[in-house]
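Engineer:
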Amino acid sequence: MILKNSKENIDKAVAEIIAGNIVAFPTETVYGLGANGLNPTAVAKIFEAKQRPSFNPLILHISSRDQLKELVNIENNKVYKLIDTFWPGPLTLVLPKKEIVPDIVTAGNPTVAVRMPQHPIAKRLIEACGKPIAAPSANQFGLLSPTTAEHVEKQLGDKVNIILDGGKSDVGVESTIVEVTENKVWLLRHGGISFEQLKEVCNSIEIKEVDFNKPNAPGQLFHHYAPKIPMKFISEILPNELDGKKVGGLFFQKNTTEINFSHIEFLSVAGDMREAAANLFFNLHKLETKNLDIILVEPVNKKGMGIAIMDRLVKASNRYR
Ligand code: TXA
Ligand code: MG
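Right, dumping it as structure tokens:
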């Protein structure tokens with residue numbers, strides 16, 4: 001059930017988490033499906049509800065730096081620089097874990113992913129629980145990420161008792177994930193903090209190469225984030241492929257084609273890449289409900305947030321290759 005933002009409703013969500021159950025809550029990136037991150041049985045309920053493979057580790061969400069120190073060892077001073085600049089916000093750090101972090105959270109990895117979100121409801125929830133909250137995006141595994149409470153209800157409404165409503169997520173794509181070990185800083189997933197922003201703080205950062213055959217690392221599966229309707233880039237359409245089909249379009253600013261669309265969405269009429277990211281999943285969810293046979297998308301410029309947007313679009317279209 002979707003619950004409006006109020007102290008009583010946050011208290012209900014806290015009670016649910018303390019009792020070892022799962023709750024969906026808003027963050028500035030996408031909605032999360034949370035449980036007490038130090039309680040393995042509670043965390044198992046997340047995997048069950050999402051039908052997520054257990055080799056895919058989770059992010060622990062925290063509300064203070066003291067909490068971070070309980071969970072990880074910090075071996076590299078760049079961690080402090082990154083935290084000072086980007087927390088609270090859409091940056092996840094993968095760091096060497098301490099004993100206290102259960103294996104189910106990290107899928108047996110010696111590292112754990114940690115993030116301090118900025119959304120006021122997420123902050124209040126984590127603080128009131130007094131525990132790190134393990135949370136993946138609140139969608140069925142492999143499908144579109146949710147940026148509103150209604151999106152969560154559509155996919156997981158029968159699996160979760162409480163969905164806290166915090167409005168539309170204003171970043172709209174998942175956090176950027178960076179792994180920091182003693183002498184390396186790796187970018188593992190593009191997201192709400194751009195590569196350019198990271199480089200200003202850490203110029204030695206490298207992008208970790210993806211191996212689709214070993215999907216034990218973040219968002220590194222070949223397909224992910226997919227709508228239930230086939231999706232393709234416009235440049236990939238074959239002759240006559242659209243004949244007799246109801247076609248949806250997702251464009252950056254304006255329709256650049258002569259195609260006869262049944263429904264079109266625009267990421268940012270003003271041409272703003274951050275607005276485009278905020279609308280990405282929102283518009284794909286909308287297109288998913290329009291009874292279409294296929295969704296055609298226009299690629300965006302791979303600059304700033306455009307890299308994270310293209311990562312999601314390519315992975316979504318890969319499902320239909
Ligand atoms: O913005 C976000 O990050 C959202 C909100 C809810 O915080 N969460 C999110 O979680 O996107 P999820 O589970 O959908 O994606 C987290 C990614 C996964 O692809 C996982 O493989 C990676 O983080 N990950 C988690 N722990 C890791 C670790 N120890 N090493 C490498 N990758 C890790
Ligand atoms: Mg996800």
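Throughout the sequence shown, residue numbering follows this note's numbering, covering 1 to 321 in sequence. Virtual Cβ for every residue (Gly too), placed ideally from N, Cα, C.
Any idea what DSSP makes of F251, helix, strand or coil?
Structural biologist: For the purposes of this step, residue 251 is identified with residue 251 of the sequence shown, where counting begins at 1. Three-state result, F251: strand.
Engineer: For the beta strand (DSSP E) holding G61, just list the boundary residues, first then last.
Structural biologist: Looking up residue 61 in the sequence shown gives position 61. The amino acid at residue 61 is misidentified as Gly; the sequence shows His. Start and end: 59-61.
Engineer: My parser needs the alpha helix (DSSP H) runs of 4 or more residues fully inside the segment 100-164; what are they?
Structural biologist: List check, alpha helix (DSSP H) in window: 103-106, 120-129, 149-156.
Engineer: Have a look at G248 and G172 and give me their C-alpha separation to the nearest angstrom.
Structural biologist: Sequence index remark: in the sequence shown, residue 248 carries index 248 (1-based). Sequence index remark: in the sequence shown, residue 172 carries index 172 (1-based). C-alpha separation (whole angstroms): 21 Å.
Engineer: Looking at the unbroken beta strand (DSSP E) that takes in H263, where does it start and where does it end?
Structural biologist: Taking the first residue of the sequence shown as position 1, residue 263 is located at position 263. 263-266 is the span of the beta strand (DSSP E), which, as asked, contains H263.
Engineer: Between the Cα of E75 and those of L93, H190, I59, spot the shortest distance and give me the residue it belongs to.
Structural biologist: Working through the sequence shown from its first residue, we reach residue 75 at position 75. Measuring from the Cα of E75, the nearest candidate turns out to be L93.
Engineer: Tell me whether E182 is buried or exposed, calling it buried when 16 or more other Cβ atoms sit within 10 Å of its Cβ.
Structural biologist: Locating residue 182 in the sequence shown gives position 182, where the first residue counts as 1. When all chains shown are included, E182 counts as exposed.
Engineer: For W87 and G157, I'd like the C-alpha separation in whole angstroms.
Structural biologist: Within the sequence shown, the letter at position 87 stands for residue 87. Within the sequence shown, the letter at position 157 stands for residue 157. Whole-angstrom Cα-Cα distance: 31 Å.
Engineer: Could you name the residues of the same chain whose beta carbon sits closer than 7 Å to that of A44, not counting the 5 residues immediately before and after it, in chain order?
Structural biologist: Counting from 1 along the sequence shown, the entry for residue 44 is found at position 44. Once the five neighbours on either side are set aside, the close Cβ partners of A44 are I104.
Engineer: Rounding to the nearest angstrom, what Cα-Cα distance links L198 and L188 in this structure?
Structural biologist: In the sequence shown, the residue the question calls residue 198 occupies position 198. In the sequence shown, the residue the question calls residue 188 occupies position 188. C-alpha separation (whole angstroms): 12 Å.
Engineer: Quick check: what's the CA-CA separation for F281 versus T29?
Structural biologist: For the purposes of this step, residue 281 is taken as the residue at position 281 of the sequence shown. For the purposes of this step, residue 29 is taken as the residue at position 29 of the sequence shown. Cα to Cα, the separation comes out at about 11 Å.
Engineer: Could you give the first and the last residue of the continuous beta strand (DSSP E) run that contains L242?
Structural biologist: Residue 242 sits at position 242 when you count from the first residue of the sequence shown. No beta strand (DSSP E) holds L242; DSSP gives it neither H nor E.
Engineer: Mind the definition here: the segment 23-38 touches the segment 151-171 only if three or more C-beta pairs lie below 8 Å; say whether that holds.
Structural biologist: Segments in contact, yes.
Engineer: At a threshold of 6 Å, does I59 count as lining the ligand TXA (C-beta to nearest heavy atom)?
Structural biologist: The sequence position of residue 59 within the sequence shown is 59, counting from 1. Checking every heavy atom of the ligand TXA against the Cβ of I59, one is found closer than 6 Å.
Engineer: Let's see if you can read the secondary structure: which residues bound the alpha helix (DSSP H) around P40?
Structural biologist: As a working note, residue 40 is residue 40 in the sequence shown. Taken as a continuous stretch (DSSP letters only), the alpha helix (DSSP H) holding P40 covers 40-50.
Engineer: Hey, out of T27, M1, K4, N36, whose CA is closest to A15's CA?
Structural biologist: Here residue 15 refers to the residue found at position 15 of the sequence shown. Residue N36 is the option with its Cα nearest to A15.
Engineer: Using DSSP bridges, identify the partner residues of F25.
Structural biologist: Position 25 of the sequence shown, counted from the start, is the residue given in the question as residue 25. According to DSSP, F25 bridges with G32.
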